[in-house]
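Notes follow the structure.
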Amino acid sequence: MSDMKYCNSLNTYSRRKSRVVHIGDIPMGEGYPIRIQSMTTTNTMDTMATVKQSIRMIEAGCEYVRITAPSIKEAENLANIKRELKNRGYETPLIADIHFTPNAAEIAARIVEKVRINPGNFADRKKFEQIEYTDLEYDAEIQRIKERFLPLVKICKEYGTAMRIGTNHGSLSDRILSRYGDTPLGMVESALEFLRICKSENYHEIVLSMKSSNPLVMVQAYRLLVNRMDFEGMNYPLHLGVTEAGEGEDGRIKSALGIGSLLEDGLGDTIRVSLTEEPEYEIPVAKILVDRYTDRIDHEPILEININPILPFEYHPRKTHVVLNIGGENVPRVINDLTFLENINKQTFLELGYTYFDKEDKWGISDLACDYVDIGKKEIDFKIPGTLGIIQAYSVWKNSKKDRHYPFLNLQEYLDGMNFHPQLNILRITYAQLSDQVIIKIKNDPTIVLLLDTYNEHGMAEQRQFFIKLINSGCTVPIIISRAYSNLKPEDLQVHASTDMGALFVDGLGDGVYIAAGGCGTLLSVNSTAFGILQASRTRITKTEYISCPSCGRTLFDLQETTARIRSRTEHLKGVKIGIMGCIVNGPGEMADADYGYVGTGLDKITLYKGQEVVSKNISTKEADEALIQLIKDNGDWEEPEIVNGR
Ligand code: SF4
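Numbering (the numbering used here), first residue to last: 363 to 1009.
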């Protein structure tokens, strides 16, 4: 399995050993903490606004500040920004963000501590013209890039400037697309082409990133990058991030799911949480993620994994059989914990996606209606929604056996008992309890669904090991991934749960999710986190997906306000992906995954896209919202929003 290796260990926490890269006075890599960074959203030519925003970011805990340099004049202005920051007592390393403009990179590399280039557009403009390259043509292209790239490498060497080779899914060159497609492999090769040039010049102050707005693609690309670097004897540090993650809860969950999945396996030397919000708001989220790996205590020892059936670079969901409505082709189920409540009444279900209409005596069901609730030893004395199942402690269930109530068993009850439910029984189990005897029994029981729990703060590797053991035993029983949390704020819960459970869903493991988090927010926020994890891992789509960039100095409209406005009109369009991007330079490429795109092309100019195709060019901001809605309607993706109680 060594050709699939992407981290030091799958069964103990071990941070990957990467070489140290010097970025001003804040080095990164082996032996140093995982660094936190972000990017300004101001106009780079507005020195004071950029300085003030940078200070807000630094005060919040940002260790590197990235600033866009779209052309030579912005690159030159980095000197003024740097001077002003220094005058105010801030020596935080600055990073110039470069796309398309090698000249700007060469100037910036003499001023700031690090430059970021995108190998997809450093020396290439996308023409979408050539789809086949002969080996000769391909080599000639590499030679052309080498000539264009070498001056920058030499300047970086001379000035001691570091460099990030930052590949983005969706902005790969025509050359790479022709040979590898828009795939994790294409992303990795795109970076390796540039990396080999650096290596040939003996320049090693390099950091790498493989970002995508799709966390699955992002995770696979980073893993593959490490695998390929190991093969070529390289150990450059990794900058982790999910691009265009969006805002609010969705943005946090998506980022945590992608970044956290990699951190759990010991990958990552610096992170950026990319939200469509003020950059200083990204820092606390990044801190929650990183703090879990500072002085991390490892989980209980788990066995070495000799045969790993999980393919780390491709998505292949685990095959399971169906038990009632769990497993097989069913979407992953959401189970909520109500055991900690004093009373359960009809109002309780309002937070879980169900609305009771008194007059009609019926339940309304939303897209975020959970599938099961665990009520422990309590009873429910009213008519429950038709799509809801109740999980009840076995000791209570066996005496009442009410309709759509199913027993929750511990291992002893399961091994000792009989007369269980004829269709569905939920068995709570941990990795330590999974003996060969238990595997044989559950393999022969068509009514059992496992609820996989862990007592470890970092239980992902242990839970993954559980899945591996079952897969290797040929056992296809459905498994609900369960985690219990206490004393966490809702934002911490979002980040922790997305990391712990998301890392499993990314690998196609899990037939449902159960977050027991009484006291960590409202039922509404816990339920929403569970659905958010499934949405971000693309295993159950229940919402509109917004791929919105965080904005930067290239943005000529208020991205946050625009995103909020578009969201208010479209958030009922389940499964539709809408890209809202600040600029034409990177926007279209980086929203590669979107069904519709709203992209800034100049002052008061918006261009609308259907997929990657331009539909309306340079329309005014005033017209753009309506035109986008019309575009969605014309393509049959529009539904009128549901009106509930006159609202
Ligand atoms: S897509 Fe957004 S964040 Fe990226 S360069 Fe353009 S405006 Fe800046």
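For each residue, glycine too, the CB sits at the ideal point set by N, CA and C.
Pairing residue 652 with residue 617 gives a Cβ-Cβ distance that is not under 8 Å. Take residue 467, set aside five residues on each side of it, and the residues of its chain with a beta-carbon closer than 8 Å to its own are 431, 437, 458, 460, 477, 479, 484 and 514, in chain order. Secondary structure note for residue 815: its beta strand (DSSP E) is the uninterrupted segment 810-815. Set against 7 Å, the gap from the CB of residue 952 to the closest heavy atom of the ligand SF4 is smaller.
In the DSSP assignment, residue 759 is bridged to no other residue.
The alpha-carbon separation between residue 642 and residue 400 amounts to approximately 8 Å. For the ligand SF4, the residues with a Cβ under 5 Å from any of its heavy atoms are, in chain order, 911, 914, 916, 917, 943, 944, 945, 948 and 949. Residue burial is scored here from C-beta neighbours: residue 543 has fewer than 16 other C-beta atoms within 10 angstroms and is therefore classed as exposed. Where residue 734 is concerned, there is no enclosing alpha helix (DSSP H), although the beta strand (DSSP E) around it starts and stops at 734-738. Nearest Cα to residue 580 within the set 561, 752, 620 and 548: 620. For residue 634 and residue 587, the gap between their C-alpha atoms comes out near 18 Å. Across the structure, residue 782 and residue 751 are spaced so that their CA atoms are roughly 16 Å apart.
Boundaries for residue 482: no beta strand (DSSP E) harbours it, and the DSSP string shows neither H nor E there. Residue 840 holds the alpha-carbon nearest to the alpha-carbon of residue 807 among 831, 840, 793 and 826. The beta carbon of residue 847 sits closer than 8 Å to those of 855, 858, 859, 877, 878, 879 and 882, all from its chain and outside the five residues before and after it, given in chain order.
Inclusion of residue 662 and residue 890 in the CB contact set at 8 Å is not warranted, their separation being larger than that value. Nearest to residue 605 by alpha-carbon distance, out of 831, 958, 914 and 777, is 914. Collapsing the DSSP output to three states places residue 931 in a helix. Annotation: residue 978 is outside any alpha helix (DSSP H); the continuous beta strand (DSSP E) that includes it extends over 975-981. Its Cα nearest to that of residue 664, the residue 793 stands out among 798, 748 and 793. Annotation for residue 878: no alpha helix (DSSP H) segment contains it, though the beta strand (DSSP E) segment containing it runs 874-878. Buried is the label assigned to residue 862, since at least 16 other Cβ atoms lie within 10 Å of its Cβ.
Our two residues, residue 721 and residue 690, have alpha carbons roughly 38 Å apart in a direct line. The criterion of a C-beta distance shorter than 8 Å is satisfied by residue 696 and residue 733.
Residue burial is scored here from C-beta neighbours: residue 829 has at least 16 other C-beta atoms within 10 angstroms and is therefore classed as buried.
Assigned with DSSP and collapsed to three states, residue 769 falls in strand. Secondary structure at residue 569: strand, using DSSP grouped into helix, strand and coil.
Here residue 902 is near residue 694, since their CB atoms are less than 8 Å apart. Counting along the chain, the unbroken alpha helix (DSSP H) around residue 521 starts and ends at 497-521. Within the DSSP secondary-structure output, residue 540 pairs in no beta bridge. Nearest to residue 583 by alpha-carbon distance, out of 559, 567, 716 and 629, is 629. Closest in alpha carbon position to residue 981, among 966, 995, 869 and 971, is 966. For residue 409, the secondary structure class from DSSP, reduced to helix, strand or coil, is helix. Going by DSSP, residue 891 is part of the alpha helix (DSSP H) stretching over 885-898. Comparing C-alpha distances from residue 909 to each of 539, 636 and 496 shows the shortest one belongs to 636. The C-beta separation of residue 495 from residue 541 comes to about 7 Å, placing the pair in contact by the 8 Å criterion.
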